[in-house]
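Here the numbering used here is used: the first residue of the sequence shown is 132, the next is one more, and so on.
For each residue, glycine too, the CB sits at the ideal point set by N, CA and C.
First comes the structure, then the notes that go with it.
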Amino acid sequence: MNQGAAERLLRICPEASLLYRVIGQEESAASGWLLNAMPAPGLTELAPRVECCWQPMRYHVLRLEALGLKVADATVGTYAWAGVLPMKSKRATLGMLARAWSCLAEGGRLWFAAANRHGARSWQHILGQLGQVRVMSKSKCRLFRVVKHLRHQELLSSWNQQAEPEYLEETGLWSEPGLFSWDRLDPGTRLLLEHVPDASVDSCMDLCCGYGALAAGMLARGISVGHLTLVDADIRALRMAERNVRGFDVAIRACWLDAVREELPGRMELIVCNPPFHEDQHRDSGLGQSILARACNSLRNGGQLWAVANRQLPYEQALHDAAGAVRVVVQQKGFKVLMARKVR
Numbered sequence: 132m133n134q135g136a137a138e139r140l141l142r143i144c145p146e147a148s149l150l151y152r153v154i155g156q157e158e159s160a161a162s163g164w165l166l167n168a169m170p171a172p173g174l175t176e177l178a179p180r181v182e183c184c185w186q187p188m189r190y191h192v193l194r195l196e197a198l199g200l201k202v203a204d205a206t207v208g209t210y211a212w213a214g215v216l217p218m219k220s221k222r223a224t225l226g227m228l229a230r231a232w233s234c235l236a237e238g239g240r241l242w243f244a245a246a247n248r249h250g251a252r253s254w255q256h257i258l259g260q261l262g263q264v265r266v267m268s269k270s271k272c273r274l275f276r277v278v279k280h281l282r283h284q285e286l287l288s289s290w291n292q293q294a295e296p297e298y299l300e301e302t303g304l305w306s307e308p309g310l311f312s313w314d315r316l317d318p319g320t321r322l323l324l325e326h327v328p329d330a331s332v333d334s335c336m337d338l339c340c341g342y343g344a345l346a347a348g349m350l351a352r353g354i355s356v357g358h359l360t361l362v363d364a365d366i367r368a369l370r371m372a373e374r375n376v377r378g379f380d381v382a383i384r385a386c387w388l389d390a391v392r393e394e395l396p397g398r399m400e401l402i403v404c405n406p407p408f409h410e411d412q413h414r415d416s417g418l419g420q421s422i423l424a425r426a427c428n429s430l431r432n433g434g435q436l437w438a439v440a441n442r443q444l445p446y447e448q449a450l451h452d453a454a455g456a457v458r459v460v461v462q463q464k465g466f467k468v469l470m471a472r473k474v475r
């Protein structure tokens, strides 16, 4: 990791660096695992004592694997320690904590770090339900350690239940805490669904598909799709999307990909996309530009990309440069629907 990258990661995720460095100092003779692991200063030094990591986001997985770390989706084993970094969703984080605690040996140590601006203080009370909490404050973060002496099966069951997928009556879709707009249809997706044309297509990609609200909504509307490709960086979202389109008469391919760093499936007749402009909890307006430009490269000649974005995000030029033709279909309630056609 070069100096510039290390300084950036330390600035945007100081809790990760604090977690890695303290575990590295205090767990020098034991191996453990990391949940919601992400690259940050201190991880390279800790890596030899990390048996595996869990991380649902593809862009982090690529970086972790580049450091030689093993990333596993389902972990079986017992560990001397577990290090956990919170997600934006409290419910998803509770599920991670339950998973980490269940895999600790008797006397094992649970380490958890959170930035003060992300509610570190509230986690002290939550972790206190597991046992005595040791607290360290540094770099505007708090680091907690709890030693496992009791299993707390009822408490862990409650935490796991809060993180489980749910069927949402309002949308008729399955979703999961921690996903984008997980418990309601966000207004941008709703607006895009209202304007995507009804024309039948042989190939369609729902890029950055989330739990599949766009694809499922189009199919429920009766739009005929021969082959549907679902793409998302979050493996949890991709599984929900597959579940939500499974009942329709369409050939489905699901791809766990980082749309910025990995090659996307090509020669699409239609792509629909509600691109993110945050990576984790950090805003990056260039992220959506990169994703949409790469999406245009996945269109066949004459193919169309339909996308929705916050009204102020400057995506038009990137789409024009990549596809050749772009227009604003509608602007409404702070959002805009864009259509790009590949003409070159």
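From the options, pick the residue whose C-alpha is nearest to that of residue i; which is it?
{"i": "Phe379", "options": "Glu394, His358, Val362 and Asp363", "result": "His358"}
{"i": "Ala245", "options": "Cys272, Gly465 and His326", "result": "Cys272"}
{"i": "Ser421", "options": "Gln255, Val207, Leu324 and Ala454", "result": "Ala454"}
{"i": "Ser109", "options": "Arg321, Val202 and Ala211", "result": "The chain is shown only over 132 to 475; residue 109 falls outside these bounds and no answer can be derived."}
{"i": "Ile257", "options": "Leu345, Leu287 and Ser233", "result": "Leu287"}
{"i": "Ala236", "options": "Pro217, Ala213, Met218 and Lys221", "result": "Ala213"}
{"i": "Asn405", "options": "Arg398, Leu430, Tyr446 and Leu166", "result": "Tyr446"}
{"i": "Pro172", "options": "Ile154, Glu182, Trp164 and Leu444", "result": "Ile154"}
{"i": "Ala168", "options": "Val215, Ala390, Gly262 and Lys464", "result": "Val215"}
{"i": "Leu166", "options": "Gln156, Glu157, Met188 and Glu158", "result": "Met188"}
{"i": "Gly397", "options": "Gly262, Ala438, Ala294 and Asn432", "result": "Asn432"}
{"i": "Gln516", "options": "Arg475, Ser416, Ser233 and Asn441", "result": "Not covered by the structure: residue 516. The range shown for the chain is 132 to 475."}
{"i": "Cys144", "options": "Ala203, Met218 and Val207", "result": "Met218"}
{"i": "Met78", "options": "Asn291, Leu193 and Leu444", "result": "Residue 78 cannot be examined here, being either before or after the span of the chain that is shown, 132 to 475."}
{"i": "Val439", "options": "Glu285, Leu193 and Thr320", "result": "Thr320"}
{"i": "Glu476", "options": "Gln260, Leu193 and Arg180", "result": "The displayed coordinates of the chain run from 132 to 475. Any statement about residue 476 would go beyond what the structure contains."}
{"i": "Arg180", "options": "Leu444, Arg248, Ala160 and Glu285", "result": "Ala160"}
Tell me which same chain residues have a C-beta within less than 6 Å of the C-beta of residue i, skipping the five on either side of it?
{"i": "Ala372", "result": "Cys340, Tyr342, Gly343 and Leu361"}
{"i": "Gly348", "result": "Leu324"}
{"i": "Glu146", "result": "Ala244, Ala245, Ala246 and Cys272"}
{"i": "Asn133", "result": "For Asn133, the pLDDT reaches just 48, beneath the cut-off of 50, and the residue's location in the model is therefore unreliable, although a value from the coordinates is still provided. No residues qualify anywhere along the chain."}
{"i": "Met267", "result": "Leu274"}
{"i": "Ser334", "result": "His358, Met399 and Glu400"}
{"i": "Trp387", "result": "Arg189, Ile366 and Leu369"}
{"i": "Ala384", "result": "Reading the sequence as shown, one finds Arg at residue 384 and not Ala. These residues qualify, in order along the chain: Thr360."}
{"i": "Glu158", "result": "Trp212"}
{"i": "Ala223", "result": "Ala294, Pro308 and Gly309"}
{"i": "Val474", "result": "Gly455 and Ala456"}
{"i": "Ser429", "result": "Leu395, Gly397 and Met399"}
{"i": "Arg377", "result": "none"}
{"i": "Val207", "result": "none"}
{"i": "Trp164", "result": "Glu182, Cys183, Tyr210 and Ala213"}
{"i": "Arg252", "result": "none"}
Tell me whether the beta-carbon of residue i lies closer than 9 Å to the beta-carbon of residue j.
{"i": "Cys427", "j": "Leu418", "result": "no"}
{"i": "Lys467", "j": "Val457", "result": "no"}
{"i": "Leu395", "j": "Lys269", "result": "no"}
{"i": "Leu241", "j": "Phe275", "result": "yes"}
{"i": "Arg152", "j": "Trp185", "result": "no"}
{"i": "Met336", "j": "Val381", "result": "no"}
{"i": "Pro75", "j": "Ser220", "result": "As displayed, the chain neither begins before 132 nor continues past 475, which places residue 75 out of reach and without an answer."}
{"i": "Val327", "j": "Val356", "result": "no"}
{"i": "His191", "j": "Trp232", "result": "no"}
{"i": "Cys234", "j": "Thr209", "result": "yes"}
What does a CB cutoff of less than 8 Å around residue i pick up in its chain, not counting 5 residues either side in sequence?
{"i": "Ala178", "result": "Leu198, Gly199 and Leu200"}
{"i": "Pro491", "result": "The chain is shown from 132 up to 475; residue 491 falls before or after that span and cannot be answered."}
{"i": "Ala424", "result": "Ala449, Leu450, Asp452 and Ala453"}
{"i": "Gly353", "result": "Asp329"}
{"i": "Val264", "result": "Gln255, Leu258, Phe275, Arg276 and Val277"}
{"i": "His280", "result": "Glu237, Gly238 and Gly262"}
{"i": "Val461", "result": "Leu322, His326, Lys467 and Val468"}
{"i": "Trp313", "result": "Ser220, Ser306, Glu307 and Tyr342"}
Would you mind reading off the limits of the alpha helix (DSSP H) that contains residue i?
{"i": "Gly476", "result": "No statement about residue 476 is possible, as the shown extent of the chain runs from 132 to 475 and does not include it."}
{"i": "Cys427", "result": "Ser416 to Asn428"}
{"i": "Val376", "result": "Ile366 to Val376"}
{"i": "Ser148", "result": "Pro145 to Glu157"}
{"i": "Glu297", "result": "Premise fails: Glu297 lies in the beta strand (DSSP E), Glu297 to Leu299, not in any alpha helix (DSSP H)."}
{"i": "Glu176", "result": "Leu174 to Leu177"}
{"i": "Leu388", "result": "Per DSSP, Leu388 belongs to no alpha helix (DSSP H) and is neither H nor E."}
Report the CB separation of residue i from residue j in whole angstroms; it is logged as a contact under 8 Å.
{"i": "Ser289", "j": "Glu297", "result": "Between Glu297 and Ser289 the Cβ distance is about 15 Å, and since that is not below 8 Å, they are no contact."}
{"i": "Asp389", "j": "Ala351", "result": "The Cβ separation is near 29 Å, so there is no contact."}
Leaving aside the five residues before and after residue i along the sequence, list all residues of the same chain whose C-beta is less than 7 Å from its C-beta, in chain order.
{"i": "Leu316", "result": "Thr302 and Ala344"}
{"i": "Asn375", "result": "Leu304, Trp305, Tyr342, Gly343 and Ala347"}
{"i": "Gly135", "result": "Here Gly135 scores only 46 on pLDDT, less than 50, and its place in the model should not be relied on; the value that follows carries that caveat. There are no such residues."}
Mind checking whether the beta-carbon of residue i lies closer than 8 Å to any heavy atom of the ligand MN?
{"i": "Arg370", "result": "By its list of ligands, the structure shown contains no ligand whatsoever, and the ligand MN lies outside what it can speak to."}
Which residues mark the beginning and the end of the beta strand (DSSP E) in which residue i is found?
{"i": "Leu359", "result": "Val356 to Asp363"}
{"i": "Gly455", "result": "Gly455 to Gln463"}
{"i": "Trp164", "result": "Gly163 to Leu166"}
{"i": "Glu196", "result": "No beta strand (DSSP E) holds Glu196; the alpha helix (DSSP H) holding it covers Arg189 to Ala197."}
{"i": "Arg321", "result": "No beta strand (DSSP E) holds Arg321; the alpha helix (DSSP H) holding it covers Pro318 to His326."}
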